[in-house]
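Presented below is the structure to which this report refers.
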Amino acid sequence: MTALTRRYIDQVVAHLSEGQREGISRELAALISDMQEERLATGADEAAAEREALEELGDPARLAARYRNAPNYLIGPELYPVYVRALQWLVPVVLMVSLIVNIVVYSATEAEANIGAMIGQIVGPLISALFWILGSVTLFFWVFERVARPRDKTAVARDGARHWSVDDLGIEMAHAREARSEAIGGLVMLVLLALVPLIPTSFFYVGHLNDGGPFVNQGLWNFWLPAYYVLLAVEAMLGIWTIVRGRTTRPRLAARAAMDVVAGLFFTVLVLTQQVIDPAISSGILQTSGATDWVDVLYLVVIWVVVLWDLYVCVKYWRTLGVPERLVTA
């Protein structure tokens with residue numbers, strides 16, 4: 063059994079209960095072997111015969127759904143992959159829109175915003191939005207499952223489910239979900255970083271430090287803060303690139319590593335040459351406590367720990383891409 067076939071079988075049985083896995087694993091191995099033999103008899107080479115057999119069996123998740131003894135609760139096995147895919151795309155979008163809208167509404171209606179009141183204001187609507195999207199999508203598929211004609215369900219299952227091919231079993235795809243999840247998390251972090259220069263001290267109940275002004279020195283708008291937002295915009299485009307491609311690629315990793323170095327140098331020069339914290343805070347609590355002697359060193363340590371860690375992750379991903387297939391024994 064080749065590594066490719068082994069991975070296909072592993073992905074199928076991963077969707078099954080423990081009691082089914084061993085028997086279905088043996089059954090699938092025998093079935094794939096027979097399908098390959100049929101193709102070899104027609105003159106196909108081994109690699110092509112294996113690929114054609116796996117392509118005929120199709121998406122491991124959908125094949126596993128046909129092997130299950132129990133139905134997929136409210137949604138049948140034919141539409142279940144489409145249902146899951148719809149939730150994977152809609153839930154993050156709805157939650158993000160709800161979060162942004164509630165933050166904007168809170169900021170616009172409160173004279174003096176603070177983090178405690180804001181959290182209390184947005185948690186309820188976020189939970190409501192989550193239940194609303196889960197219920198709406200589930201109800202839609204439940205109704206469609208029962209009223210649609212068989213050919214319509216087949217068409218939706220074919221067009222709505224993620225297109226699957228044998229290439230999805232490649233080693234690169236082992237990191238596809240991780241790469242997409244990391245990119246989405248990175249975009250959320252970029253949004254938070256974009257807000258940092260704008261957050262007033264009163265938001266964290268310490269407005270007395272500088273009369274409720276931002277933590278960051280607003281004199282940096284002459285060059286440094288616009289350049290900061292340009293860096294964030296480039297990072298956001300790289301993240302969107304990863305989400306659209308659905309996987310990490312070597313050009314993406316090279317661009318990410320280059321941006322890490324550029325960002326590290328940018329923040330190093332910023333910390334060493336500019337007053338980052340609002341002068342009213344620096345001349346107050348930081349000066350009184352003597353923290354000004356070591357706070358810049360702390361900034362630099364944090365900056366380069368983050369940069370070096372991300373470079374390490376890039377190197378690790380780079381080394382896993384393009385690893386050649388090897389035969390393994392069953």
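Here the sequence shown stands for residues 63 to 392, where the numbers follow the numbering used here. For each residue, glycine too, the CB sits at the ideal point set by N, CA and C. This structure is a prediction, so every number in the text was calculated from the model and none was measured.
Q: Please work out which residues of its chain come closer than 7 Å, Cβ to Cβ, to Leu260, disregarding the five sequence neighbours upstream and downstream, and give them in chain order.
A: Excluding residues within five positions, the ones whose Cβ falls inside 7 Å are Pro276.
**Report entry** Distance CB(Gln336)-CB(Leu282) smaller than 8 Å
**Finding:** yes
Check your understanding: By how many angstroms is the C-alpha of Leu102 removed from the C-alpha of Ala320?
Key -> 48 Å
Could you spell out the range, first to last residue, of the alpha helix (DSSP H) harbouring Asp322? That run of the alpha helix (DSSP H) goes Arg312 to Thr335.
Just the C-alpha distance for Ile94 and Cys376, rounded to the nearest angstrom, thanks. 36 Å
I want to see whether chain B comes within less than 8 Å of Trp286, judged by CB atoms only; does it?
This model lacks chain B altogether, as it is built from one protein chain only.
Distance check for Ser345 and Glu244, CA to CA, integer angstroms please. 39 Å
Considering only the beta carbon of each residue, do Thr200 and Leu136 sit closer than 8 Å?
yes
Distance, Tyr379 Cα to Leu78 Cα:
29 Å
Hey, Pro288 and Gly274 are a contact pair by Cβ (cut 8 Å); roughly how many whole angstroms apart?
Between Gly274 and Pro288 the Cβ distance is about 24 Å, and since that is not below 8 Å, they are no contact.
Q: Would you decide whether Ile140 is buried or exposed? Buried here means 16 or more other CB atoms lie within 10 Å of its CB.
A: According to the sequence displayed, residue 140 carries Glu and not Ile. By the 10 Å Cβ count, Glu140 comes out buried.
* Enclosing alpha helix (DSSP H) for Ala76 [first to last residue] -> No alpha helix (DSSP H) holds Ala76; DSSP gives it neither H nor E.
Is it true that the segment 162 to 177 meets the segment 143 to 152, where meeting means three or more beta-carbon pairs spaced less than 8 Å apart?
-> Between the segment 162 to 177 and the segment 143 to 152 there are fewer than three inter-stretch CB-CB distances shorter than 8 Å, so the stretches are not counted as touching.
### Message
Using only the alpha-carbon positions, how far apart do Asn272 and Val369 sit?
### Response
The alpha-carbon atoms of Asn272 and Val369 are separated by roughly 31 Å.
Label Leu334 either buried or exposed according to how many other C-beta atoms from any shown protein chain fall within 10 Å of its C-beta, with 16 as the threshold for buried.
exposed
According to DSSP, simplified to helix, strand and coil, what is Ile137? coil
- prompt: So who's on the other strand from Thr104, going by DSSP bridges?
  reply: In the DSSP output, where bridge partners are listed per residue, Thr104 has none listed.
**Prompt:** Residue range of the alpha helix (DSSP H) that Asn164 falls in?
**Reply:** Tyr142 to Thr171
* Just how far apart, CA to CA, sit Leu254 and Gly178? -> 17 Å
### Task
To the nearest angstrom, report how far apart Val292 and Val323 are at their CA atoms.
Distance from the CA of Val292 to the CA of Val323, rounded to the nearest whole angstrom, comes to 15 Å.
- Using the C-alpha atoms, what's the distance from Leu157 back to Ala241? 20 Å
Quiz item: In three-state terms, what does DSSP make of Val278?
Solution: strand
Identify whether Ile189 lies in helix, strand or coil by the three-state DSSP scheme. The answer is helix: DSSP assigns Ile189 an H, G or I state.
To the nearest angstrom, how far is it from the Cα of Arg307 to the Cα of Asp214?
CA-CA distance, Arg307 to Asp214, rounds to 29 Å.
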